[in-house]
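Chemist: If you're matching them up, the sequences are chains A and B in order. The first sequence begins at 5 in our numbering and counts up by one. The second sequence begins at 293 in our numbering and counts up by one. First, the structure itself, so that you have it in front of you.
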Amino acid sequence: MEKTGYNYDIVKSYVHWSILWGTVAVLVGVLIAFQLVYPSLNLEPYLTYGRLRPLHTNAGIFGWGIGSFFALFFYIVQRLCRRPLWSVGLARFQLYFFNATIIAAAVTLLLGFNTSKEYHELEWPLDIMVVILWVVFSINIIMTIVKRKEEHMYISLWYMLATIVGVAVLYIVNAAEIPVSLFKSYSAYAGTNDANVQWWFGHNAVAMVLTAPPLAIFYYFLPKSTGVPIYSHRMSIIAFWSLIFMYLWTGAHHLIWTPVPDWIQTLALVFSLMLIAPSWGSVFNGYLSMGGQWHQMRENYLVKFFILGITFYGLQTLQGPSQAVRTFSAFIHFTEWVPGHVHMGTMGWVSMVLFAGVYCIFPKIYGREVYSIPLANLHFWLVLIGQLIYSVSMWIAGIQQASMWHSMNPDGNLTYTFVETLAQLYPYWTIRAVSGVIYLAGVLVFIYNLIMTARSPEASLSAAAQNV
Amino acid sequence: MWEKKPILLLVLATLAIMVGTVITMVLPFKWINGEGDRIASVKPYNALQLAGRDVYIREGCNNCHSQVVRPLVADVLRYGDYSKSGEFVYDQPHLWGSRRMGPDLARVGGKYPDAWHVQHMKQPKVMIPQSNMPAYTALVGNAIDPAYTEKKMKVLGFPYNQAEIQALAGKTELDALIAYLQKLGSDIPWRQQAKAVVVGDLVNPFVNDAAAIAEGAKLFDSNCDSCHDLKMESDDTDDVGPPLTNMKDFDENDLFTLIHDGTGAGMPSFASIGVTGIWKIVNFLKNHKEGDDEGHKKGDDEGHEK
Ligand code: HEM
Ligand code: HEM
């Protein structure tokens, strides 16, 4: 198995752990979805919605998202550089440290230690752990690339490098805080400044964590799965540079109509609209790379995951900019619509690509074919249906909620009290909770399939799998 | 060229992300929270309020509640005057939030009496049957630590005196949280300014109008029921407002004014329901006899069942 000189053992460990954290994220997601319908499921003090929601988002973005990126990046970087990882020891240290950080994060969040900033809830000692983790990871990736045997750097490596600097800058700036005690600190910024810094971070967490890394993975595995190279290299270059240039201007689209100065909101709006171009650059590049190969959508489950994934990315990057428009933001901001948007991105785009990436490398790292393709197809349909029901029900709920919030009587007064609008949401929340269970079932099928693969007798791989 | 030079790529990528960062994130520090934003009447948190704010953060109330009123008609009608930058200069961190699972709290200060909050925090569902807010029953059992709170005041550089710190002894987290909620949005005198004045003489437009009375009953359920019972032998004795058993003798114009303006002693102003809506409630209350309140007892509202 090690005959190529590549180190797959480390990749294997990362895959195991990231899937574990992904399952935790989805389980907690299902739990908080039910809590909104049955508030008696809130168990004081540790398991209330207010503490579990950050656990869900952190487990999803950092445990499942970043964990899988570590796994797949360590795989891809060796292949693209045609050399083993610069330091396996460092990668192993990083694995232990990563798991320690995630566990510490889960425990401290449930204990109520949090900064309140979305996607940056972790208190300062954990911030330090995250920074160490990132430095160690960056060094390993950068050194592997610097010492590569392949002169040209493929597209995936550009996105990896951008992720490395992007996350570092964002995380450190937004982490500026004044400690009071071991697990309590105050933000170094105040009020409107704090909000502006936070959402500069928040939106670019979307760019540098939920966009660039899945794109790196997509650009690597799609051609591997279909056997057709990426359609246009030039388009990849333009899309890459304009994407990372434009994203950083758009944070304030989370702050439309707030006291943040108008000109910042306007810039955010304009750049959000412009972002459609580079985002769709990648979408088209993906679609056009399928030229003549569309029949694979029927035959190849990997292609299904990738093409659906990039399609959700395409929809996401049309919906996102529309949410940045002032009138539409006035309508949907703060409503259920937004979780609909979020989960099309996380459950659709990010997770679909990650599932497929794991399926792609599994035969490689285990030296066995994936146990069951019908099960992989079942997994595909369950997560697709779960995700669609989630997003569609939340969009409808959001529109109804927004209409009721804004509805006025002829005499100029509001038609509905807040509680009347709230009462209308329960059916949608019930549907969303059920959709979560469907999605969870899909994830369990995925895990079962992988376990069976790992346990099946070693067999020689087909040429296609060798190629990955 | 950069496609072959990883370090160059790193440098170029850093430059690319710094442009937008500097312009939209670093530069604004020059203006935000500067002289132009200052509002003289906005004061830092006192020790009790700050302790309460930290309970709010610890419990993650911001996952369900926003704290910023947008300059939109519906926001202003529902929550009050829109938020100004200067109101947040002491907020480290800001707590604007991104979701409104529950109502915005930027202007909740002064909306309800403390007694209402005490009961609502302990049992939201008893106050508001459709609520899905978690019950926070444990906060009354947790004491505030005066020394630790003093340290926090020092870190933030907020003014305080020893009497204020000593007064913290014996306070619970619930006391602190409510003190914080009561401060929210009340540093600027928006309530006085928002007090809508009814122009002209008061004339009851719905005398004996059965349809209006029925609508009045509904409005009562959704606006008043959490504080007032309609009958004497109330099932929960700890209601915040008095039972409204016999309103027949109440002068209808006085009743209207009371609902419209509130009393400033626990009874909030309901000008936001509108003149017509308030008249409907007045007619409902005046026509209501004890015994026929089966339809609007607490707990049997339509909508979500428990
Ligand atoms: C061109 C691309 C995109 C733009 C312009 C965009 C725009 C937006 C806007 C304006 C909001 C705020 C909605 C509101 O609260 O009013 C939002 C929320 C969000 N978006 Fe997107 N979006 C884009 C792509 C994506 C992608 C690819 C993901 C991947 C998962 C994503 C994940 C999120 C998340 C997690 C939030 C919620 C943030 C929060 O309030 O906590 N977005 N987006
Ligand atoms: C079965 C699957 C899932 C369920 C049932 C679920 C459920 C939920 C619920 C109930 C919320 C709170 C929404 C609200 O504020 O109203 C939420 C928020 C969120 N979830 Fe999930 N989730 C699932 C999967 C995921 C995954 C896989 C990820 C990430 C990779 C994720 C990322 C997020 C994020 C970023 C938010 C914050 C959204 C916002 O600020 O609007 N979720 N989720």
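Ideal placement from N, C-alpha and C gives every residue a C-beta, glycine not left out.
For a test of the three-state rule: what should DSSP assign to ALA435/B, helix, strand or coil?
Modeler: Residue mapping note: residue 435/B aligns to position 143 of the second sequence, counting from 1. Strand at ALA435/B.
Chemist: Taking Cβ to Cβ, would you say ASN11/A is nearer than 7 Å to LEU89/A?
Modeler: For the purposes of this step, residue 11/A is identified with residue 7 of the first sequence, where counting begins at 1. For the purposes of this step, residue 89/A is identified with residue 85 of the first sequence, where counting begins at 1. Yes; because the gap between Cβ atoms is below 7 Å, this pair is in contact.
Chemist: Who are the Cβ neighbours of LEU252/A in its own chain at under 8 Å, not counting the five residues just before and after it?
Modeler: Stepping through the first sequence from its first residue, residue 252/A is reached at position 248. Excluding positions up to five away in sequence, the list reads TRP204, ASN208 and ALA211.
Chemist: Are the CB atoms of LEU137/A and THR105/A within a distance shorter than 7 Å?
Modeler: To locate residue 105/A, count along the first sequence from 1; it is residue 101. To locate residue 137/A, count along the first sequence from 1; it is residue 133. Yes, the pair counts as a contact, with Cβ atoms nearer than the cut-off.
Chemist: Check each residue of the region 149-160 of chain A: if its Cβ is closer than 7 Å to any Cβ of chain B, include it; give the result in chain order.
Modeler: Within the region 149-160 of chain A, the qualifying residues are ILE149, VAL150, GLU155, HIS156 and MET157.
Chemist: So with Cβ pairs under 7 Å, would you call LYS578/B a contact of chain A?
Modeler: Residue 578/B sits at position 286 when you count from the first residue of the second sequence. No, LYS578/B does not count as interfacial toward chain A.
Chemist: So, with DSSP's three-state summary, where would you put THR464/B?
Modeler: As a working note, residue 464/B is residue 172 in the second sequence. DSSP, read as helix, strand or coil, puts THR464/B in strand.
Chemist: For chain B, check one thing: does any of its Cβ atoms lie closer than 7 Å to the Cβ of SER120/A?
Modeler: For the purposes of this step, residue 120/A is taken as residue 116 along the first sequence, with counting starting at 1. Closer than 7 Å: yes.
Chemist: From LEU94/A to HIS156/A, what distance separates their C-alpha atoms?
Modeler: Residue numbering aside, residue 94/A sits at position 90 when the first sequence is read from its first letter. Residue numbering aside, residue 156/A sits at position 152 when the first sequence is read from its first letter. In a straight line, the C-alpha of LEU94/A is about 25 Å away from that of HIS156/A.
Chemist: Considering only residues of the same chain and omitting the five flanking positions on each side of SER189/A, which have a CB-CB separation below 8 Å?
Modeler: Looking up residue 189/A in the first sequence gives position 185. So the list reads THR119, GLU127, TRP128, GLU181, ILE182 and PRO183, once near-sequence residues are dropped.
Chemist: How close, in whole Å, do the beta carbons of ARG96/A and ILE14/A come, if the pair is a contact with beta carbons under 8 Å?
Modeler: Here residue 96/A refers to the residue found at position 92 of the first sequence. Here residue 14/A refers to the residue found at position 10 of the first sequence. Contact flag correct, Cβ pair sits at about 6 Å.
Chemist: In angstroms, rounded to a whole number, what distance separates the CA positions of LEU494/B and HIS520/B?
Modeler: The residue labelled residue 494/B in the question sits at position 202 within the second sequence. The residue labelled residue 520/B in the question sits at position 228 within the second sequence. Approximately 25 Å, taken between the alpha carbons.
Chemist: Assuming HIS337/A contacts SER395/A (C-beta within less than 8 Å), just tell me the rounded distance between them.
Modeler: The residue labelled residue 337/A in the question sits at position 333 within the first sequence. The residue labelled residue 395/A in the question sits at position 391 within the first sequence. Rounded, the Cβ-Cβ distance is 17 Å, inconsistent with contact.
Chemist: Which residue wins for smallest C-alpha separation from PHE74/A, given the options LYS153/A, ALA220/A, ALA243/A and LYS151/A?
Modeler: Looking up residue 74/A in the first sequence gives position 70. The option with the nearest alpha carbon to PHE74/A is ALA220/A.
Chemist: Helix, strand or coil, according to DSSP, for ARG436/A in the structure here?
Modeler: Translated into positions along the first sequence, residue 436/A becomes position 432. Looking at ARG436/A - three-state DSSP - the assignment turns out to be helix.
Chemist: Does chain B have any CB closer than 7 Å to the CB of ILE248/A?
Modeler: Indexing the first sequence from 1 puts residue 248/A at position 244. Yes, ILE248/A lies at the interface with chain B (some Cβ there is under 7 Å from its Cβ).
Chemist: Could you give the DSSP three-state label for ARG96/A: helix, strand or coil?
Modeler: The residue labelled residue 96/A in the question sits at position 92 within the first sequence. Helix, per DSSP.
Chemist: Would you check whether ligand 1 has a heavy atom nearer than 6 Å to the C-beta of VAL210/A?
Modeler: The residue you call residue 210/A lines up with position 206 of the first sequence. For VAL210/A, the Cβ falls inside the 6 Å cut-off from some heavy atom of ligand 1.
Chemist: Can you give the beta carbon distance from TYR452/B to ALA339/B, rounded, assuming they're within the 8 Å contact cut?
Modeler: In the second sequence, counting from the first residue as 1, residue 452/B sits at position 160. In the second sequence, counting from the first residue as 1, residue 339/B sits at position 47. Going by Cβ atoms, the distance from TYR452/B to ALA339/B rounds to 5 Å, so yes, they are a contact pair.
Chemist: Consult DSSP for TYR123/A and reduce its assignment to one of helix, strand or coil.
Modeler: Position 119 of the first sequence, counted from the start, is the residue given in the question as residue 123/A. TYR123/A falls in the coil class under three-state DSSP.
Chemist: Helix, strand or coil for GLU181/A, going by three-state DSSP, please let me know.
Modeler: To locate residue 181/A, count along the first sequence from 1; it is residue 177. In the structure shown, GLU181/A sits in a strand (DSSP, three-state: E or B).
Chemist: Cβ of GLN359/B within 7 Å of Cβ of LEU342/B?
Modeler: Here the question's residue 359/B lines up with position 67 in the second sequence. Here the question's residue 342/B lines up with position 50 in the second sequence. No. Outside cutoff.
Chemist: Can you give me the C-alpha to C-alpha distance between TYR224/A and VAL81/A, rounded to a whole angstrom?
Modeler: Working through the first sequence from its first residue, we reach residue 224/A at position 220. Working through the first sequence from its first residue, we reach residue 81/A at position 77. Near 10 Å, if we compare the C-alpha coordinates of VAL81/A and TYR224/A.
Chemist: Who are the neighbours of LEU165/A on chain B, taking C-beta pairs under 9 Å?
Modeler: For this step, residue 165/A is matched to residue 161 along the first sequence. Correct list: PRO298, LEU301, LEU302 and ALA305.
Chemist: Could you tell me whether the Cβ atoms of ALA317/A and TRP353/A are closer together than 7 Å?
Modeler: Taking the first residue of the first sequence as position 1, residue 317/A is located at position 313. Taking the first residue of the first sequence as position 1, residue 353/A is located at position 349. A small fix is needed here, since residue 317/A is Tyr in this sequence, not Ala. Cβ distance < 7 Å, so TYR317/A and TRP353/A count as in contact.
Chemist: State buried or exposed for HIS124/A, treating a residue as buried only when at least 16 other CB atoms are found within 10 Å of its CB.
Modeler: Along the first sequence, one-based indexing puts residue 124/A at 120. Burial call: buried.
Chemist: Nearest-angstrom Cα distance between PHE187/A and PRO438/B?
Modeler: Taking the first residue of the first sequence as 1, we reach residue 187/A at position 183. Taking the first residue of the second sequence as 1, we reach residue 438/B at position 146. Going by the C-alpha atoms only, they are around 18 Å apart.
Chemist: Contact criterion: CB-CB distance below 7 Å. Does HIS410/A meet it with respect to chain B?
Modeler: Position 406 of the first sequence, counting from 1, holds the residue named residue 410/A. Interface residue, yes.
Chemist: Measuring CB to CB, does ALA194/A end up less than 7 Å from ASP383/B?
Modeler: Position 190 of the first sequence, counting from 1, holds the residue named residue 194/A. Position 91 of the second sequence, counting from 1, holds the residue named residue 383/B. Contact flag set, yes.
Chemist: Counting only the same chain and skipping the five closest in sequence on each side, list residues whose C-beta sits under 6 Å from that of ALA427/A.
Modeler: Locating residue 427/A in the first sequence gives position 423, where the first residue counts as 1. Nothing listed; no residue qualifies.
Chemist: Check the C-beta distance from ARG391/B over to TYR472/B and give it rounded, since I have them as a contact under 8 Å.
Modeler: Position 99 of the second sequence, counted from the first residue, corresponds to residue 391/B. Position 180 of the second sequence, counted from the first residue, corresponds to residue 472/B. Rounded, the Cβ-Cβ distance is 20 Å, inconsistent with contact.
Chemist: Is there at least one Cβ from chain A nearer than 7 Å to LEU369/B's Cβ?
Modeler: Here residue 369/B refers to the residue found at position 77 when the second sequence is read from its first residue. Yes, LEU369/B lies at the interface with chain A (some Cβ there is under 7 Å from its Cβ).
Chemist: Should LYS151/A be labelled buried (16 or more other beta-carbon atoms within 10 Å of its own) or exposed?
Modeler: Your numbering for residue 151/A matches position 147 in the first sequence. LYS151/A is exposed by the Cβ-count criterion.
Chemist: So, is the C-beta of LYS444/B closer than 7 Å to a C-beta in chain A?
Modeler: Residue mapping note: residue 444/B aligns to position 152 of the second sequence, counting from 1. Yes, contact with chain A.
Chemist: Counting only C-beta atoms, is VAL184/A closer than 7 Å to chain B at any point?
Modeler: In the first sequence, residue 184/A corresponds to position 180, counting from 1. So yes, VAL184/A belongs to the interface.
Chemist: Is it true that the region 296-306 of chain B meets the region 392-409 of chain A, where meeting means three or more beta-carbon pairs spaced less than 8 Å apart?
Modeler: Cβ pair count under 8 Å is below three, so no.
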